[in-house]
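To convert, note that position 283 of the first sequence is 282 in numbering that gives the first Met the number 0; the numbers rise steadily by one, no gaps.
For glycine and all other residues, C-beta sits at the position ideal for the given N, C-alpha and C.
It should be emphasised that the depicted structure is a prediction, and the values quoted were computed from it without experimental measurement.
The structure appears right after this line, and notes come after that.
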Amino acid sequence: MEQKIKNLIIEALKNLEIEGGDFIVEHPADLTKGDYSTNVAMVFSKKLNTNPKDLAEKIVDQLSRLNLDNKIEKISVAGPGFINFYLSREFFTENIKDILNKKENFGKVNTLNGKLVLIEHSSPNLFKPFTVGHMMNNAIGESLVQLMKFSGADVVTMSFPSDISLGVAKAIYILLEKFGKDFTPNDIVVLGDAYVEGTQRYKDDESIHSRVKEIADNLYADTISPELNVFEKCKKLNIAYFESITGKLGSHFDSYIYESEAGVVGKEIVKKNTPSVFTESEGAIIYIPDESKKNLNTAVFINSQGNPTYEAKDLGLLKLKFERVHPDTSIFITDHEQISHFGVVLDAAEKINSEWAEKSIHVSHGRMNFKGQRMSSRMGGAPLAEEMLKTVGEDVAERSIHKNIDGLHESIAIAAIKFSILRTKPGQNINFDPDESLSFEGDSGPYLQYTHARIQSLIEKGKGLGMVPNYKVQNISDPEKILYRFPEIVEHTISEYAPQYIVTYLIETARAFNSFYGENKIIDESNKEVSEHRLAIAFATQIVLKNGLALLGIQAPDRM
RNA sequence: GCCCUUGUAGUUCAAUGGAUAGAACGAGGCUCUUCUAAGGCCUUGAUGUAGGUUCGAUUCCUACCAAGGGCACCA
């Protein structure tokens, strides 16, 4: 439609013998100002030295002589010289029918048909619990997974757990000391405690340093030993825990690459490309970016002890990703503290295999700052994801009038949390106060779910009265003016990797429907025709809400 | 010191260079003997400072102020 209007304008300009210059066609912010709007008259008025309003009138005059199709109802000039287009009954009729027809497929854009997209997200530290920080990463990652699928891409999901580190060696030391070599862990909390205790002990007691180092070496080298045995069991438990919690959040991972694997590969790459790409310096191997790249800094890839740093590990990860999956696009999600780190890694990667850098996309997110006192981690850091789900779930249960069937309460809690993460621009920090900012009212996940459930109730009531959604009456309602925009919102969201646009759009959609609901009786038993028409609008709204929520990784319950 | 982000109502967030800067929470007032009141309707209130580019700036540029983050062997 947008293109159609553009073409009409170009034709009108041609008739006025005006050429060149850019103008845009967009949706006006206000629904009363039409469905599409263009700034063409303002752009050209200076050049032609005329009043923008007069020029707009001339263009409208030309447009009205053209062969407009029946999708455009009227064209008018408003404000400082905007030309507003109002779409017709025919357009909206066709559109609602299209939505009802396509159902769960409405909004699919096919812009990435045939492409293979790899998405790495929610990467955990084994031995450390899954915190709300990970939930933030997960919410964005999972949303991108759904968006990419919706755009026609084949998606492979991956997580990159950090498995071996000095910290882990410290934890293993504690576990061996406390429980002996036959220790079999069955609770993730024990591991987290050992991690904390190990860190403290290592700080306080220098006499254990050599033993901890030995443990680390044995783990890295895969040497058969009590520590390797305990470690393997812990790793297995950690992955099970990780999959259980991310599963609750709606995520599935096709594969893992462990930090230890990536380290080995990364070290090889760096060595192979020294001195062509990397430089030896003070016993370490470093990368010095080009002078012109001011925002990049020198980084150590292999330290003076000969071990790969995170930089080398990420380089190894890149190689493994592209060798194993061969993606057309590789997306990875981290918090924004790692922006400059990846700037350097990708700059170096480009010189080794340009594909790695060109096809990689780094999506970053902010951090959650906690204000409230209600939840706090025993480790002094961020609260645990499970704790958050539990607390919020209790709040939901308290106010819910429905029983907790099929995980309803949990799905509402997840909606509230994910919504508050995804509503902001990516990269923004989120100030999170569970008591205040986690809302079930107003702009919130539950508000969207509630609107969906409310429509379900309408549809069921209609069914009982023998009414089915059937679109035919003449006035154009506000929800209709918004519903048809869903596919273009999806496209925009995908091109920017910013789920936030979906959030804003869904809120607008739900609000338009709820106002419509407040002003009109949807089901009027005395007037079947009007009822069925309104049911059609309700049903179309429900479809858009459901599809949109799915793109946010949020369930759309039928009842709440 | 250098580099990157970010400064919008009391608070939390919006706004592909456009029209009267939108919401939500909070506060106040209405609204269920009629479809789910986690709803709807009304009132209240904001672009850090100073310049510049532009027909038009929250958006782009410069400086300053403020907050957060990153800058060689942590991840």
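Would you mind reading off the limits of the beta strand (DSSP E) that contains Ser-158? Position 159 of the first sequence, counting from 1, holds the residue named residue 158. 153-158 is the extent of the beta strand (DSSP E) around Ser-158.
Residues of its chain near Glu-231, where Cβ-Cβ distance is below 6 angstroms and the 5 sequence neighbours each way are ignored: What you label residue 231 is simply residue 232 of the first sequence in a count that begins at 1. If we look at Glu-231 and ignore the five residues flanking it on each side, it has no Cβ neighbours.
Could you say which of Ile-23, Asp-289, Ser-438 lies nearest to Gly-392 if we only look at CA atoms? As a first step, residue 392 must be located in the first sequence, where it is residue number 393. That would be Ser-438, whose Cα lies nearest to the Cα of Gly-392.
What span of residues does the beta strand (DSSP E) with Leu-115 cover, start to end? For the purposes of this step, residue 115 is taken as residue 116 along the first sequence, with counting starting at 1. From DSSP, the beta strand (DSSP E) with Leu-115 extends over 115-119.
Flag this pair as touching only if the stretch 237-250 and the stretch 198-212 have three or more C-beta atom pairs under 8 angstroms; answer yes or no. no
Suppose the cutoff is 8 angstroms on Cβ atoms and the five residues either side in sequence are ignored; what does the same chain contact list for Lys-424 look like? Stepping through the first sequence from its first residue, residue 424 is reached at position 425. Answer for Lys-424: Ala-497, Gln-499, listed in chain order.
Counted within 10 angstroms of its Cβ, other Cβ atoms place Asp-289 as buried (16 or more) or exposed: Working through the first sequence from its first residue, we reach residue 289 at position 290. By the 10 Å Cβ count, Asp-289 comes out exposed.
Roughly how many angstroms lie between the CA atoms of Met-559 and Val-395, to the nearest whole one? Indexing the first sequence from 1 puts residue 559 at position 560. Indexing the first sequence from 1 puts residue 395 at position 396. Cα to Cα, Met-559 sits roughly 10 angstroms from Val-395.
So is Val-188 buried or exposed if we call it buried at 16+ other beta carbons inside 10 Å? The residue given as residue 188 occupies position 189 in the first sequence. Burial call: exposed.
Assuming Glu-1 and Leu-65 make a contact with CB atoms under 8 angstroms, what is their CB distance in whole Å? Working through the first sequence from its first residue, we reach residue 1 at position 2. Working through the first sequence from its first residue, we reach residue 65 at position 66. With 8 angstroms as the limit, Glu-1 and Leu-65 do not qualify as a contact, their Cβ atoms being about 17 angstroms apart.
Which of helix, strand or coil does DSSP assign to Asp-334? On the first sequence, residue 334 is found 335 positions in, with the first residue counted as 1. DSSP places Asp-334 in strand when its eight states are reduced to three.
Assuming Ala-537 and Ile-475 form a contact by the criterion Cβ under 8 angstroms, report the distance between their Cβ atoms to the nearest whole angstrom. Here residue 537 corresponds to residue number 538 of the first sequence, with the count starting at 1. Here residue 475 corresponds to residue number 476 of the first sequence, with the count starting at 1. Not quite, the Cβ-Cβ distance comes to about 15 angstroms (not below 8 angstroms), so this is no contact.
Where Ile-400 falls, given that 16 or more other Cβ within 10 Å makes a residue buried: Here residue 400 is taken as the residue at index 401 of the first sequence, counted from 1. Its Cβ having fewer than 16 others within 10 Å, Ile-400 is exposed.
Which residues share a DSSP beta bridge with His-364? Counting from 1 along the first sequence, the entry for residue 364 is found at position 365. Note: His-364 sits in a beta bridge opposite Asp-334.
Would you grab the beta carbon distance between Val-529 and Val-472 for me? Rounded to a whole angstrom, and I think it's under 8 angstroms. Locating residue 529 in the first sequence gives position 530, counting from the first residue. Locating residue 472 in the first sequence gives position 473, counting from the first residue. Confirmed, Cβ separation roughly 6 angstroms.
Sequence ranges, alpha helix (DSSP H) only - wholly within the stretch 429-466, length at least 4: 444-463
Using the rule of at least 16 other Cβ atoms within 10 Å of the residue's Cβ for burial, across every protein chain shown, is Thr-31 buried or exposed? Walking along the first sequence from the start, residue 31 turns up at place 32. Thr-31 should be labelled exposed.
Report yes if the CB atom of Tyr-257 is closer than 9 angstroms to the CB atom of Ser-353, and no otherwise. Locating residue 257 in the first sequence gives position 258, where the first residue counts as 1. Locating residue 353 in the first sequence gives position 354, where the first residue counts as 1. Their beta carbons are not under 9 angstroms apart, which means Tyr-257 does not touch Ser-353 by this criterion.
Segment limits, alpha helix (DSSP H) that includes Glu-231: For this step, residue 231 is matched to residue 232 along the first sequence. That run of the alpha helix (DSSP H) goes 225-247.
If Ser-121 and Asn-136 are in contact, beta carbons under 8 angstroms, what's the gap, nearest whole angstrom? Against the first sequence, residue 121 aligns to sequence position 122. Against the first sequence, residue 136 aligns to sequence position 137. 5 angstroms between Cβ atoms; contact.
Here's the rule: buried if 16 or more other CB atoms are within 10 angstroms of the residue's CB, otherwise exposed. What is Gln-304? In the first sequence, the residue the question calls residue 304 occupies position 305. So Gln-304 ends up on the exposed side.
Could you say if the stretch 260-278 and the stretch 309-324 meet the contact criterion of at least three C-beta pairs nearer than 8 angstroms? yes
Going along the chain, which residues of its own chain have a beta-carbon closer than 8 angstroms to the beta-carbon of Asn-228, five neighbours each way excluded? Taking the first sequence and counting its residues from 1, the one referred to as residue 228 is at position 229. Contacts found: Lys-180.
Cβ shell of Glu-524 (< 8 angstroms), same chain only, five flanking positions each side left out: Start at 1 with the first residue of the first sequence, and residue 524 comes out as number 525. Excluding sequence neighbours, Glu-524 sits near Leu-464, Ser-530.
So within the stretch 21-58, which uninterrupted beta strand (DSSP E) runs reach at least 3 residues, ignoring any that extend past its ends? 35-37
On the DSSP bridge list, what partners appear for Val-299? On the first sequence, position 300 is the one that residue 299 refers to. The partner list for Val-299 (beta bridge, DSSP) reads Ile-285.
Distance between Lys-46 and Arg-453 (C-alpha atoms, nearest Å): Mapped onto the first sequence, residue 453 falls at position 454. Mapped onto the first sequence, residue 46 falls at position 47. Going from the Cα of Arg-453 to the Cα of Lys-46 covers about 53 angstroms.
Straight-line CA distance for Ala-414 to Gly-444? Residue mapping note: residue 414 aligns to position 415 of the first sequence, counting from 1. Residue mapping note: residue 444 aligns to position 445 of the first sequence, counting from 1. Taking the straight line joining both Cα atoms gives about 5 angstroms.
Would you mind working out which of Asn-546, His-532, Tyr-446 sits nearest Phe-418, comparing C-alpha positions? Here residue 418 refers to the residue found at position 419 when the first sequence is read from its first residue. The residue with the shortest Cα to Cα distance from Phe-418 is Tyr-446.
Measuring CA to CA, which of Gln-554, Leu-550, Ala-555 is closest to Gln-145? To locate residue 145, count along the first sequence from 1; it is residue 146. It is Leu-550.
Give every residue of the same chain whose Cβ lies closer than 6 angstroms to the Cβ of Pro-307, excluding the five residues on either side of it in the sequence, and list them in chain order. As a working note, residue 307 is residue 308 in the first sequence. Taken in chain order, the residues that qualify are Gly-262, Gly-265, Lys-266, Ile-301.
Is it buried or exposed, Thr-222, if we count other Cβ atoms within 10 angstroms and call 16 or more buried? Within the first sequence, residue 222 is the residue found at index 223, counting from 1. Counting Cβ neighbours within 10 Å, Thr-222 comes out exposed, since fewer than 16 surround it.
Within a Cβ cutoff of 7 angstroms, which residues of the same chain sit near Leu-486, ignoring the five residues on either side of it in sequence? The count along the first sequence starts at 1 and reaches residue 486 at position 487. The question names Leu, yet the displayed sequence has Pro at residue 486. The residues are Gly-106, Val-108.
In three-state DSSP terms, what is Thr-130? The count along the first sequence starts at 1 and reaches residue 130 at position 131. It is a strand residue.
Of the choices Asp-153, Asn-124, Leu-174, whose alpha-carbon is the least far from that of Ser-164? Position 165 of the first sequence, counted from the first residue, corresponds to residue 164. Comparing Cα positions, the closest option is Asn-124.
Quick one: grab the DSSP three-state call for Pro-486. For the purposes of this step, residue 486 is taken as residue 487 along the first sequence, with counting starting at 1. DSSP places Pro-486 in helix when its eight states are reduced to three.
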